[in-house]
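K.L.:
Below you'll find the structure I mean.
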Amino acid sequence: MRIANPFHRNRRATRAPGRRPRAAVAGFLALAAVVLAGCGSGPHNKAAVVLIDISGEYAGELEKARRVTSLLLGRLEPGDSIAVAFIDNTSYSDRNFIARADFDHRPSVANDEKRMVRKELDAFLERFSKPSYHSDLTGGILLARDFLERTEAAEKQIFLLSDLDEDLKPELDRSGPLKLDGIDVVAVNVIRRERDNIDPERYRERVRHWQERVTQDGGQWDMVNEIDRLQRMVAQR
């Protein structure tokens, strides 16, 4: 018969009460690092607004809005946001929205929502017939800014399809700051008006004015007159 030695140390039984295996501690620390990294990474979603000037001469350029919107819908992912709105006599109003969507995180649902945005834009373009007399660009940009701020997206962009010739109704006050911190404004297809042929400096002055206004109010400015170049730029973002 074997008699147990009372002085033999059983290492498993005598491990210090507060001591854990190294592998378990290392695993816990790794998990904690992942959790902390996730908590501090912030949002990764994107949000974009397409603003369409429907005034005067620019009303003939509306088909470009369909191309830009389609391009963005192809790049935006589940969890991202988009809005399409028009610029007319008074543009700072919910009635100016053509379509709005915060895409679901489920890809199949997000695809259905993208199709609805396309459908709503197509319906607007089909029933459009009369250009507006005035163009409240400032009101449209403020409307887009409010939408983007609500999304709290990491990347915020406004795609402005306009000749940049603002013509305000006398009663409108648009003298306040735009407050575009964290927002990229991309002017797209900035056409030259008929009178620019008489004085080309008018075109350059409009571009300079809006570039200065956007950057002075905290935004980033870019101008892309070729849709193909816009496609490459969006693909790189």
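Using our numbering, you'd call the opening residue of the sequence shown number 65 and step up by one each time.
Yeah, the Cβ is synthetic: ideal placement off N, Cα and C, and Gly gets one too.
Thinking C-alpha only, which one of R259, Y197, R277, L136 is nearest A123?
P.N.:
That would be Y197, whose Cα lies nearest to the Cα of A123.
K.L.:
Would you decide whether D263 is buried or exposed? Buried here means 16 or more other CB atoms lie within 10 Å of its CB.
P.N.:
Classification of D263: exposed, given that the 10 Å Cβ count is below 16.
K.L.:
Output yes or no for whether 8 angstroms exceeds the beta carbon distance between F223 and L126.
P.N.:
Their beta carbons are not under 8 angstroms apart, which means F223 does not touch L126 by this criterion.
K.L.:
Just checking my contact of T133 with V113 at CB under 8 angstroms: how many whole Å lie between their CB atoms?
P.N.:
With a Cβ gap of about 10 angstroms, T133 and V113 do not count as contacting.
K.L.:
Nearest by alpha-carbon distance to G24: which of R159, S157, F161, K178 is it?
P.N.:
The requested residue 24 is not part of the displayed model; the chain covers only 65 to 301.
K.L.:
Ignoring anything shorter than 3 residues or poking outside the segment 108-171, list the beta strand (DSSP E) runs there in chain order.
P.N.:
Those beta strand (DSSP E) runs which fall completely within the segment 108-171 and span 3+ residues are 110-117, 145-151, 161-166.
K.L.:
I think L212 touches S155, with their Cβ atoms under 8 angstroms apart; what is that distance to the nearest whole Å?
P.N.:
L212 to S155, Cβ: 15 angstroms. No contact.
K.L.:
In terms of residue numbering, what span does the alpha helix (DSSP H) encompassing F223 cover?
P.N.:
No alpha helix (DSSP H) contains F223, which is instead part of the beta strand (DSSP E) from 219-225.
K.L.:
Check whether the Cβ atoms of A187 and H108 lie closer than 8 angstroms to each other.
P.N.:
No, the Cβ-Cβ distance between A187 and H108 is not below 8 angstroms.
K.L.:
Measure the CB-CB distance between M287 and V271 and report whether it falls below 8 angstroms.
P.N.:
Taking 8 angstroms as the Cβ cut-off, M287 and V271 qualify as a contacting pair.
K.L.:
Using alpha carbons as the reference points, say which of R130, K194, G282, D210 lies closest to I118.
P.N.:
Here the closest residue by C-alpha is K194.
K.L.:
Between the C-alpha atoms of L201 and R182, what's the straight-line distance to the nearest angstrom?
P.N.:
Going from the Cα of L201 to the Cα of R182 covers about 23 angstroms.
K.L.:
I need the DSSP call for I255, collapsed to helix, strand or coil.
P.N.:
Three-state DSSP puts I255 in coil, outside helix and strand.
K.L.:
Quick one: is L294 buried, meaning 16 or more other Cβ sit within 10 Å of its Cβ, or exposed?
P.N.:
So L294 ends up on the buried side.
K.L.:
Could you spell out where the alpha helix (DSSP H) holding D231 opens and where it closes?
P.N.:
Premise fails: D231 is in no alpha helix (DSSP H) and is neither H nor E.
K.L.:
For D200, which three-state DSSP category applies?
P.N.:
It is coil, neither helix nor strand.
K.L.:
Among A165, R130, G246, R266, whose alpha-carbon lies nearest the alpha-carbon of W285?
P.N.:
Of the listed residues, the one whose Cα sits closest to W285 is G246.
K.L.:
Between F167 and L140, which are expected to be in contact by the criterion C-beta below 8 angstroms, what is the C-beta distance as a whole number of angstroms?
P.N.:
That belief holds up - the Cβ atoms of F167 and L140 are roughly 7 angstroms apart, short of 8 angstroms.
K.L.:
Give the C-beta separation of S145 and A111 to the nearest angstrom, bearing in mind that I take them to be a contact with Cβ-Cβ under 8 angstroms.
P.N.:
Contact flag correct, Cβ pair sits at about 4 angstroms.
K.L.:
Using a Cβ-Cβ cut-off of 6 angstroms (strictly less than) and excluding sequence neighbours within five positions of D152, which residues of its own chain qualify?
P.N.:
Counting only Cβ-Cβ distances below 6 angstroms, and skipping sequence neighbours, we find I118, S196.
K.L.:
What's the C-alpha gap between V249 and T279?
P.N.:
Computed Cα separation, rounded: 9 angstroms.
K.L.:
Starting from the C-beta of E165, find all residues in its chain whose C-beta is less than 6 angstroms away, skip the five residues before and the five after it, and write them out in chain order.
P.N.:
The residue asked about is misnamed: residue 165 is Ala in this sequence, not Glu. Excluding residues within five positions, the ones whose Cβ falls inside 6 angstroms are I146, E177, V181.
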